[in-house]
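Undergrad: Heads up: the protein sequence lines correspond to chains A and B, in order.
Counting in numbering that gives the first Met the number 0, the first sequence runs from 0 upward without gaps.
Counting in numbering that gives the first Met the number 0, the second sequence runs from 0 upward without gaps.
For glycine and all other residues, C-beta sits at the position ideal for the given N, C-alpha and C.
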Amino acid sequence: MADVISAPFHAGTTPVERRNYLTEPKGLWSWLATVDHKRIGIMYLISVMAFFLVGGIFALLIRLSLFDPSHMIFGHKMLDAETYNKVFTMHGVIMVFLFIIPSIPAALGNFVLPMMLGAKDVAFPRLNLASFYIYWTGAALAMVAIVTGGVDTGWTFYTPYSTSTQTSVAWMAMGIFIAGFSSIFTGLNFIATIHKLRAPGMGWFDMPLFCWGMYATALMQVLATPVLAITLLLMTIERLFRIGIFDASLGGDPVLFQHFFWFYSHPAVYIMIVPGMAIVSEIIPVFSRKTIFGYRMIAFSSIGIALIGFLVWGHHMFVAGQSQTAVVVFSFLTFIVAIPSAIKVWNWLATMYHGSISLETPMLYAISFILLFAIGGLTGVFLGALSLDVHLTDTYFVVAHFHYVMMGGTVVAFLGGLHYWWPKITGRMYNERLGQIAAALVFIGFNATFFPQFIMGGQGMPRRYYNYLPQFQPMHAFSTVGSWIIGAGLFLTLGYLLASLRKPYDAPDNPWGGKTMEWQTQSPPLTENFEVQPVATHGPYDFFPVGTH
Amino acid sequence: MSSISTPVTEAHEDAAHGQHDPNLQHHFATKEQQFDTSKIGIWLFLATEILMFGGLFVGFAYMQSRFPEAFFEGHKHLLKVAGTLNTVVLLVSSFTMVLAVHYARTSKRKKLIICLAITMFCALIFLGVKYIEYTHEFSEGLYPGRYFSNPDDPTGHEFIFFSFYFMMTGLHGIHILAGLCVMAWLLRRAIRGDFSRNYYTPVDVVGLYWHLVDIIWIYLFPLLYLIR
């Protein structure tokens with residue numbers, strides 16, 4: 000190790016000759032048994048992308064089948080009703096638990112978080128590797144569930160249906176139970192890393208905002224996921240033993256399941272969106288060439304979301320039978336939790352104001368995020384309003400809201416982050432023009448797919464239904480065409496990203512002019528990340544004012 | 000953000016002088032930093048344990064409030080003496096665990112080994128007593144859920160009490176078993192002489208875990224055995 004650190008390194012030499020984490024040590028085993036956070040991040044990245052592809056194919060199938068209420072496409076029956084139930088369930092389960100939750104923290108966060116802090120690795124490297132294999136164990140059980148007949152409960156596993164249906168609920172629940180521990184260990188690792196492995200001179204308020212976002216996410220991962228674990232365990236035991244906790248016919252209470260489930264799953268949607276916000280907080284100042292506006296407000300709003308996010312779960316159950324007092328309190332808290340999100344949006348806009356904005360692919364995704372998240376977040380406030388929610392519960396309005404936040408928010412931010420750090424991760428530049436085209440396709444396709452769903456939901460189209468009234472057919476068809484545009488954008492992205500890997504290293508160390516520490520080392524980085532221990536001497540967004548350099 | 004100013008990393012310095020501490024992982028600068036990090040890690044892990052058991056406790060409280068008579072009738076079948084004995088055994092094991100950490104910190108290898116051995120012995124007694132209790136309950140047909148068969152159940156919902164009894168003590172028992180395994184690993188390292196005042200993090204961390212497992216039992220015992 001010492002000889003690597005002292006290896007000669009000159010900023011001007013050809014990048015090809017550089018030693019880096021990708022090429023040494025060599026061999027498949029050196030990857031599978033690695034404790035290097037960067038390699039684990041890459042293994043996670045490949046895994047989550049694979050599940051994104053699987054979940055995405057399920058999504059395209061759902062949309063194609065819904066093109067017409069008869070589910071006949073060119074004279075062929077697409078999905079029968081039972082298959083349809085399974086397909087949307089597996090779309091949801093795979094996307095939520097195997098793609099979005101690990102996507103930003105475990106894949107990108109694993110790679111960049113230690114480097115942003117100027118650290119050599121995460122706090123517990125072996126736990127990090129264990130977490131990757133736990134993830135795959137859970138994923139393998141989920142695959143078993145799919146192969147043995149699938150699951151048709153919806154991703155929420157509501158009782159009593161989940162404890163009585165004959166599909167592979169137990170396998171799927173155990174898969175998610177196990178994958179949850181991988182999420183817990185990632186969060187635990189990140190909290191310890193942020194507390195103890197910041198570079199000399201880097202105080203809490205000198206950290207990049209991505210680290211604050213990861214910290215808030217990790218808090219929720221650690222504190223909420225165990226509750227999901229016990230909930231799924233109880234649900235599975237109820238299935239197998241009929242213990243009478245959730246089954247009303249045995250004396251139990253299905254609403255108790257909903258409380259348990261949403262006590263995890265509402266924080267879980269923040270586990271998914273806060274990392275997206277964290278990425279956007281990095282991209283916006285770099286591509287506006289301007290110091291972030293309201294650093295502390297953005298940092299505290301992440302923590303605020305994490306804390307208040309634990310107290311709003313009841314808004315999923317306004318029509319499920321809660322006391323009037325509880326309903327009013329949950330509605331109020333739901334409005335409150337919108338405030339920190341709004342603070343972030345305004346601060347990003349203030350950062351861009353009078354900035355020197357350049358519209359490369361990461362910035363296009365960041366701006367997409369702001370637009371889509373604004374719609375997704377505000378429609379969440381609609382759903383938090385008591386009287387309106389009674390009308391909109393279990394309609395496509397909820398589906399559209401959820402996708403505007405999860406896909407328009409998190410996935411778009413993930414794509415932005417992937418492009419932003421691609422040169423650092425792989426040492427190659429992707430094709431910028433194709434990147435911009437793909438970002439535009441994703442943005443247009445996304446709105447085409449999901450905006451009609453708001454309208455349909457407002458008119459009463461129920462979610463998850465196999466059949467629908469003929470009056471909704473044009474909007475369903477529009478939505479389906481939109482899903483093809485998203486698909487085109489994403490496959491284009493896959494194509495040019497993979498194509499870039501065939502090139503020799505051509506990425507500069509700091510292609511975007513970022514000020515955070517991961518840009519201060521070579522691309523791709525050394526196994527030890529930095530030649531020497533970096534020291535924080537200035538803030539993460541100290542750009543020169545426009546026109547002075 | 001970084002200005003390249005610190006000349007060398009800690010690990011580099013150690014390697015260069017041939018005095019690299021095998022207990023200091025390369026990504027930490029000092030032992031104190033490594034120790035503190037481990038402590039943060041274990042406390043967070045304990046928090047997850049509390050939240051996981053918390054789900055069971057909430058479920059227990061909710062179902063008990065629905066069926067107080069069933070829970071009262073159910074608890075009469077439990078062996079109070081065995082439960083009390085196990086409480087004492089675990090309290091003793093907590094004490095010897097504290098001593099183990101103390102002796103690890105003061106480099107007293109022999110006493111550390113003795114204390115770890117006593118703690119493990121207590122854990123084994125606990126599991127043995129639990130085995131006797133389970134056998135007793137099974138012999139009376141007191142199984143969880145649908146397998147429950149007690150013709151004398153006056154309430155019709157005793158099976159819920161026994162479902163929770165077996166889930167909570169079962170999950171707790173798994174934690175005792177896990178503790179036994181990591182203590183066996185500690186014992187092996189202690190005999191090898193790995194621990195001293197310079198390095199005793201694993202003993203400290205396992206100690207904290209063991210106390211949590213004990214505390215959970217301290218709550219389980221009155222909740223399950225001493226219902227009034």
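By a C-beta neighbour count over all protein chains shown, 10 Å radius and 16 as the cutoff for buried, is H16 (chain B) buried or exposed?
TA: At H16 (chain B), the pLDDT of 47 sits below 50, so the modelled position is not reliable; the number obtained from the coordinates is stated separately. Exposed, since its Cβ has fewer than 16 Cβ neighbours within 10 Å.
Undergrad: Restricting to Cα atoms, I'd like to know which of A:R288, A:I291, A:Q220 is closest to A305 (chain A).
TA: The candidate whose alpha carbon is nearest that of A305 (chain A) is A:Q220.
Undergrad: In chain B, which residues lie less than 9 Å from L233 (chain A) when you measure between Cβ atoms?
TA: The contacting residues are G54, L55, G58, M166.
Undergrad: From what residue to what residue does the alpha helix (DSSP H) around L207 (chain B) run?
TA: Counting along the chain, the alpha helix (DSSP H) containing L207 (chain B) begins and ends at 200-224.
Undergrad: Quick check on DSSP: helix, strand or coil for M71 (chain A)?
TA: In this structure, M71 (chain A) counts as strand in the three-state DSSP scheme.
Undergrad: Quick check on I72 (chain A) - is its C-beta less than 8 Å from some C-beta in chain B?
TA: Closer than 8 Å: no.
Undergrad: Determine the contact status of F98 (chain A) and G54 (chain A), defining contact as a CB-CB distance below 8 Å.
TA: Contact flag set, yes.
Undergrad: In whole angstroms, what separates the C-alpha of T164 (chain A) from that of F176 (chain A)?
TA: Distance between the alpha carbons of T164 (chain A) and F176 (chain A) is about 19 Å.
Undergrad: I'd like to know if A183 (chain B) contacts chain A, where contact means its C-beta is closer than 8 Å to some C-beta of that chain.
TA: Not closer than 8 Å to any Cβ of chain A, the Cβ of A183 (chain B) fails to qualify, so no.
Undergrad: Please report whether the beta-carbon of H315 (chain A) lies at a distance below 8 Å from any beta-carbon of chain B.
TA: Cβ-Cβ to chain B under 8 Å: no for H315 (chain A).
Undergrad: How would you label W28 (chain A), buried or exposed, when you count the other beta carbons within 10 angstroms and need 16 or more for buried?
TA: The residue is exposed, with fewer than 16 neighbouring Cβ atoms inside 10 Å.
Undergrad: Report the residues of the segment 100-127 of chain A with a CB closer than 9 Å to any CB of chain B, ordered along the chain.
TA: Hits within the stretch, in order: P113, M115, G117, A118, K119, D120, V121, A122, F123, P124, L126.
Undergrad: Figure out for me which residue from A:R62, A:Y83, A:A118 has the closest Cα to the Cα of T520 (chain A).
TA: The shortest Cα separation from T520 (chain A) among A:R62, A:Y83, A:A118 belongs to A:A118.
Undergrad: Cβ closer than 8 Å: which chain B residues qualify as neighbours of L255 (chain A)?
TA: Here the neighbours are G58, Y61.
Undergrad: For A439 (chain A), which residues from the same chain have a beta carbon less than 8 Å from its beta carbon, with the 5 sequence-adjacent residues on both sides left out?
TA: Answer for A439 (chain A): L363, G488, listed in chain order.
Undergrad: Can you tell me the Cβ-Cβ gap for A515 (chain A) and L414 (chain A), rounded? I've got them flagged as a contact below 8 Å.
TA: In the sequence as presented, Ala is not what sits at residue 515 (chain A); that position holds Thr. T515 (chain A) to L414 (chain A), Cβ: 20 Å. No contact.
Undergrad: If you measure from the beta carbon of H265 (chain A) to each beta carbon in chain B, is any gap under 8 Å?
TA: H265 (chain A) does not count as touching chain B.
Undergrad: Out of A:D205, A:Y465, A:L382, A:I236, which has the shortest C-alpha to C-alpha gap to A535 (chain A)?
TA: A535 (chain A) has its Cα closest to that of A:D205, out of A:D205, A:Y465, A:L382, A:I236.
Undergrad: Interface residues of chain A around F158 (chain B) at Cβ under 7 Å?
TA: Result: G243.
Undergrad: Helix, strand or coil: how does DSSP classify A535 (chain A) here?
TA: Three-state result, A535 (chain A): strand.
Undergrad: Using a Cβ-Cβ distance under 8 Å, would G512 (chain A) count as near chain B?
TA: For G512 (chain A), the answer is no, since every Cβ of chain B falls outside 8 Å of its Cβ.
Undergrad: Check N430 (chain A) in the structure and name its three-state DSSP category.
TA: Three-state result, N430 (chain A): coil.
Undergrad: Taking buried to mean at least 16 other C-beta atoms within 10 Å of its own C-beta, is V441 (chain A) buried or exposed?
TA: Flag for V441 (chain A) reads buried.
Undergrad: Taking Cβ-Cβ distances below 7 Å as the criterion, which residues of the segment 117-145 of chain B are in contact with chain A?
TA: Within the segment 117-145 of chain B, the residues whose Cβ lies closer than 7 Å to some Cβ of chain A are P143, G144, R145, listed in chain order.
Undergrad: Can you give the beta carbon distance from F445 (chain A) to G383 (chain A), rounded, assuming they're within the 8 Å contact cut?
TA: Not a contact, Cβ separation roughly 23 Å.
Undergrad: Starting from Q165 (chain A), trace the alpha helix (DSSP H) both ways and give me its first and last residue.
TA: Run containing Q165 (chain A): none; DSSP gives neither H nor E here.
Undergrad: Can you give me the C-alpha to C-alpha distance between A247 (chain A) and P253 (chain A), rounded to a whole angstrom?
TA: Their backbone Cα atoms lie some 7 Å apart in a straight line.
Undergrad: Mind the definition here: the segment 58-72 of chain B touches the segment 80-90 of chain B only if three or more C-beta pairs lie below 8 Å; say whether that holds.
TA: These segments do not touch.
Undergrad: Roughly how far, in whole angstroms, is the beta-carbon of L65 (chain A) from the beta-carbon of T479 (chain A), given that I think they are within contact range, below 8 Å?
TA: Sure, about 6 Å apart at Cβ, within 8 Å.
Undergrad: Just list the residues that DSSP pairs P461 (chain A) with in beta bridges.
TA: Partner(s): A:T394.
Undergrad: Residues of chain A with CB under 9 Å from H76 (chain B), in chain order?
TA: The contacting residues do not exist; H76 (chain B) stays about 17 Å from chain A at best.
Undergrad: Measure the alpha-carbon distance for R18 (chain A) versus G26 (chain A) and round it to whole angstroms.
TA: If I take the Cα positions, the gap works out to 15 Å.
Undergrad: Excluding the 5 residues preceding and the 5 following Y540 (chain A) in the sequence, name in chain order all residues of the same chain whose CB lies nearer than 7 Å to its CB.
TA: The answer, listed in chain order, is P284, T290, I291, K514.
Undergrad: Opposite L525 (chain A) in the DSSP bridges: which residues?
TA: Bridge partners of L525 (chain A): A:N528.
Undergrad: Which partner residues of S499 (chain A) appear in the DSSP bridge assignment?
TA: DSSP output for S499 (chain A) lists no bridge partner at all.
Undergrad: Run the CB neighbour count on H390 (chain A), radius 10 Å, all protein chains shown included, and call it buried at 16 or more, exposed below.
TA: H390 (chain A) should be labelled exposed.
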